[in-house]
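Q: Questions regarding the structure given below will be posed in turn.
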Amino acid sequence: MFGLTIIEVWFLFILLWLTVCFLSFGVTGIYFLFMRRTAKRPWKILVDRQYAPRISIIIPTKNESQIIRQKLLNIDRIEYPKDKIQLIVVDSKSNDNTLTIVERFAEQHPYLNLLTLSLDQEGKSKALNFALRNSIGDVIIISDADCFWSQKIMQEALPYLSDPSVGAVSGPKILMNPNSTWVTKTENAYLVSMNTTKLGESKLGFTTLFEGGFSAYKRAMLPSFDPYGTGSDDCGSLIKLAENGHKAVFLPEAAFFTAFPTSWKGKMQIKIRRANQLVLVFSTYLNLLLRGKVRVPKGTLILNTFIYLVSPLAFALFVPLTMLILVSHPYLMVLVLLFIIPRIGPLLFEVIQSYSVLLVGLSSAFLGKKFITWSQPADRIILTESLLRQNNLI
Ligand code: GDD
Ligand code: MN
């Protein structure tokens, strides 16, 4: 072919395969190992343990009647001066009795400064922005209805915001059902390694990934939620902080607890929506980076942008090339055994799955699709009062 010998064709083919491997798995792997080391560095943040600002806790709800009471009971228990807490439930068009439950809860707990807001428009960020306009706290904290906090979360998390350079903090998602099914097991492996990466990035001053279970922002540094319309209320809201040079950090001690769907279908519902949002988030970062508009450490941002936008494309090439290799050299199928190595297997599986999901996210974002309408995962697990009590969460 083109005057090349068979050996030369194979050589070029293997070279291409190795390049594609490096661009998809290699970059991510090396970045992870580097961040794991960085995670061990000390914080370069002033931590004033006496710092106790006025806070507004915002809970967005859309048909959360099965969980909202447990959520409010959980918040009622946190150790923080009641007169410094404003609690806002902001609901969009629930057609169950979420609002009735919240109002009854407010009557039964008159000492809580609980404000109920209701919007007749869809969209979580829209709801959060409405709540933001009605909030009085110096720190704004978002928490999804199905996420639960330990009593000491404020003492653990807020002191980090006392440093003037820090704009936002968040914490890890801890699954309450990590061993239910292979779906929750692989998700758990993924979460644990992502947490290491987020901590490493935070030690350098900025992580791009926050989650809805616990995200706390200094009001003065948060003009609005998701100003670029990425669909992500958490990661999308950090972009402005990056532009303004404010730190966003992940704190292992500010954990929140939640259950994860046990079926693959339920997981995909969450992941595909999230992937679509992250593709838009990193396209925005790419745009800002190219225009020199980012004022936080650029290395981690560039690599993240690469991992979310380029690596999935390399992975799309990796699959057919690997198939070709396996067809011509079937004995290489033994590599499948990699998947049964205890710690590596689930993670490898999860990386492959993540790239596939990101490819779906890339295509849907490319086609202009946005996931605004929230639907609960098919098999969402409802954490009951008795289970939460057993876990000392209410
Ligand atoms: N007011 C309002 N309006 N609230 C909404 C809307 C809306 O249009 N859409 C979603 N919510 C609320 C939900 O009721 C829930 O409290 C929270 O926002 C979760 O929505 P998303 O943040 O869009 O879900 P997700 O897929 O990214 O989050 C997944 O992980 C979270 C934990 O990290 C889900 O499993 C969540 O249930 C989970 O809390
Ligand atoms: Mn979310």
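In this note's numbering, the protein residues as written are 7 to 400. For every residue, glycine included, the Cβ atom is placed at its ideal position computed from N, Cα and C. From a predicted model like this one, the values you see are computed outputs, not experimental measurements.
Whole angstroms are fine: how far does the CA of Tyr314 sit from the CA of Phe324?
A: On the sequence shown, position 318 is the one that residue 324 refers to. On the sequence shown, position 308 is the one that residue 314 refers to. Straight-line Cα distance between these residues: approximately 16 Å.
Q: Are the region 285 to 296 and the region 192 to 199 touching, with three or more C-beta to C-beta distances below 8 Å?
A: Verdict: no, contact absent.
Q: Tell me whether Val96, by its Cβ, gets closer than 7 Å to a heavy atom of ligand 1.
A: For the purposes of this step, residue 96 is taken as residue 90 along the sequence shown, with counting starting at 1. Flag set: Cβ of Val96 near ligand 1.
Q: The beta strand (DSSP E) spanning Lys299 covers which residue range?
A: Along the sequence shown, read from residue 1 onward, the residue named residue 299 stands at position 293. Element bounds for Lys299: n/a, residue is neither H nor E.
Q: Suppose you measure from the CA of Arg60 to the CA of Gly374; what does that come to, to the nearest Å?
A: Taking the first residue of the sequence shown as 1, we reach residue 60 at position 54. Taking the first residue of the sequence shown as 1, we reach residue 374 at position 368. If you take the alpha carbons of Arg60 and Gly374, they lie about 40 Å apart.
Q: List the whole-angstrom C-beta distance separating Ile94 from Asn140, where the pair is believed to meet the contact cut-off of C-beta under 8 Å.
A: Numbered from its first residue, the sequence shown carries residue 94 at position 88. Numbered from its first residue, the sequence shown carries residue 140 at position 134. Right, their Cβ atoms sit about 7 Å apart.
Q: Looking at Pro267 and Val189, is the spacing between their C-beta atoms short of 8 Å?
A: As a position in the sequence shown, residue 189 is number 183, starting the count at 1. As a position in the sequence shown, residue 267 is number 261, starting the count at 1. In contact: Val189 and Pro267 (Cβ atoms closer than 8 Å).
Q: Please confirm whether any heavy atom of ligand 2 lies closer than 7 Å to the CB of Asp152.
A: Your numbering for residue 152 matches position 146 in the sequence shown. No - ligand 2 has no heavy atom lying nearer than 7 Å to the Cβ of Asp152.
Q: Rounded to the nearest angstrom, what separates Ile142 and Leu125 at their Cα positions?
A: Walking along the sequence shown from the start, residue 142 turns up at place 136. Walking along the sequence shown from the start, residue 125 turns up at place 119. Straight-line Cα distance between these residues: approximately 19 Å.
Q: Applying the 10 Å Cβ sphere with the 16-neighbour rule, what's the burial state of Met41?
A: Translated into positions along the sequence shown, residue 41 becomes position 35. With 16 or more other Cβ atoms within 10 Å, it is buried.
Q: Less than 7 Å separating the Cβ of Asp239 from some heavy atom of ligand 1?
A: One-based indexing of the sequence shown puts residue 239 at position 233. Yes, since a heavy atom of ligand 1 falls inside the 7 Å radius drawn around the Cβ of Asp239.
Q: Just to confirm the assignment, what range does the beta strand (DSSP E) spanning Gly367 have?
A: Translated into positions along the sequence shown, residue 367 becomes position 361. Where Gly367 is concerned, there is no enclosing beta strand (DSSP E), although the alpha helix (DSSP H) it sits in stretches over Ile350 to Phe372.
Q: Mind checking Gly235: buried by the 16 CB within 10 Å criterion, or exposed?
A: If you number the sequence shown from 1, residue 235 lands on position 229. By the 10 Å Cβ count, Gly235 comes out exposed.
Q: Does ligand 2 have a heavy atom nearer than 7 Å to the CB of Gly218?
A: Along the sequence shown, one-based indexing puts residue 218 at 212. Yes, the Cβ of Gly218 comes within 7 Å of a heavy atom of ligand 2.
Q: Would you call the region 166 to 181 and the region 8 to 19 in contact, with 3 or more CB pairs under 8 Å?
A: No: the two stretches stay apart, fewer than three of their Cβ pairs being nearer than 8 Å.
Q: Would you tell me roughly how many angstroms separate the C-alpha atoms of Gln283 and Leu319, rounded to the nearest one?
A: Residue mapping note: residue 283 aligns to position 277 of the sequence shown, counting from 1. Residue mapping note: residue 319 aligns to position 313 of the sequence shown, counting from 1. Using only the alpha carbons, I get a separation of about 17 Å.
Q: Between Trp49 and the rest of its own chain, which residues show a CB-CB distance below 7 Å, the 5 nearest in sequence each way excluded?
A: As a position in the sequence shown, residue 49 is number 43, starting the count at 1. Excluding positions up to five away in sequence, the list reads Lys209.
Q: Which two residues bound the contiguous alpha helix (DSSP H) that contains Leu24?
A: The residue given as residue 24 occupies position 18 in the sequence shown. Where Leu24 is concerned, the enclosing alpha helix (DSSP H) stretches over Ile12 to Cys27.
Q: In chain order, what residues of the same chain lie with their CB nearer than 6 Å to the CB of Asp54, ignoring the 5 residues before and after it?
A: The residue labelled residue 54 in the question sits at position 48 within the sequence shown. So the qualifying residues of the chain are Pro165 and Ser168.
Q: Could you name the residues of the same chain whose beta carbon sits closer than 7 Å to that of Leu105, not counting the 5 residues immediately before and after it, in chain order?
A: Residue 105 sits at position 99 when you count from the first residue of the sequence shown. Excluding residues within five positions, the ones whose Cβ falls inside 7 Å are Asp97, Thr122 and Ser124.
Q: Would you say the beta carbon of Thr214 is closer than 7 Å to some non-hydrogen atom of ligand 3?
A: You won't find ligand 3 in this model; what it holds is ligand 1 and ligand 2.
Q: Does the region 102 to 121 come into contact with the region 65 to 83, if we say contact requires no fewer than three beta-carbon pairs (one atom in each stretch) closer than 8 Å?
A: A contact exists between the region 102 to 121 and the region 65 to 83.
Q: Compute the minimum distance between the beta carbon of Thr264 and the heavy atoms of ligand 1, and state whether it is under 7 Å.
A: As a first step, residue 264 is located in the sequence shown; it is residue number 258 there, counting from the start. Checking the Cβ of Thr264 against ligand 1 gives yes.
Q: Tell me, which residues are paired with Val255 by DSSP?
A: As a working note, residue 255 is residue 249 in the sequence shown. In DSSP, Val255 forms a bridge with Val175.
Q: If contacts are defined as beta-carbon pairs under 8 Å, then Val366 and Ala281 qualify, I think. What distance do you get, rounded to the angstrom?
A: For the purposes of this step, residue 366 is taken as residue 360 along the sequence shown, with counting starting at 1. For the purposes of this step, residue 281 is taken as residue 275 along the sequence shown, with counting starting at 1. Val366 to Ala281, Cβ: 6 Å. Contact.
Q: Using only CA atoms, which one of Gln396, Lys68, Thr390 and Trp380 lies nearest to Ser238?
A: Position 232 of the sequence shown, counted from the start, is the residue given in the question as residue 238. The shortest Cα separation from Ser238 among Gln396, Lys68, Thr390 and Trp380 belongs to Trp380.
Q: On the three-state DSSP scale, how would you describe Tyr291?
A: Sequence index remark: in the sequence shown, residue 291 carries index 285 (1-based). Of the three classes helix, strand and coil, the one that applies to Tyr291 here is helix, per DSSP.
Q: Under the rule that 16 or more other beta-carbon atoms within 10 Å means buried, what is Glu85, buried or exposed?
A: Working through the sequence shown from its first residue, we reach residue 85 at position 79. Burial call: exposed.
Q: Quick one: which unbroken alpha helix (DSSP H) runs of 4-plus residues sit fully inside the region 55 to 136? Chain order, please.
A: Segments of the alpha helix (DSSP H) lying fully in the region 55 to 136: 74 to 82 and 104 to 114.
Q: DSSP three-state call for Thr214: helix, strand or coil?
A: By one-based count along the sequence shown, residue 214 stands at place 208. Reduced to three states, the DSSP call for Thr214 is coil.
Q: Three or more C-beta pairs under 8 Å: does that hold for the region 221 to 229 against the region 298 to 313?
A: Touching, no.
Q: CB of Ala133 to nearest heavy atom of ligand 1: below 7 Å?
A: Taking the sequence shown and counting its residues from 1, the one referred to as residue 133 is at position 127. Yes, the beta carbon of Ala133 sits closer than 7 Å to at least one heavy atom of ligand 1.
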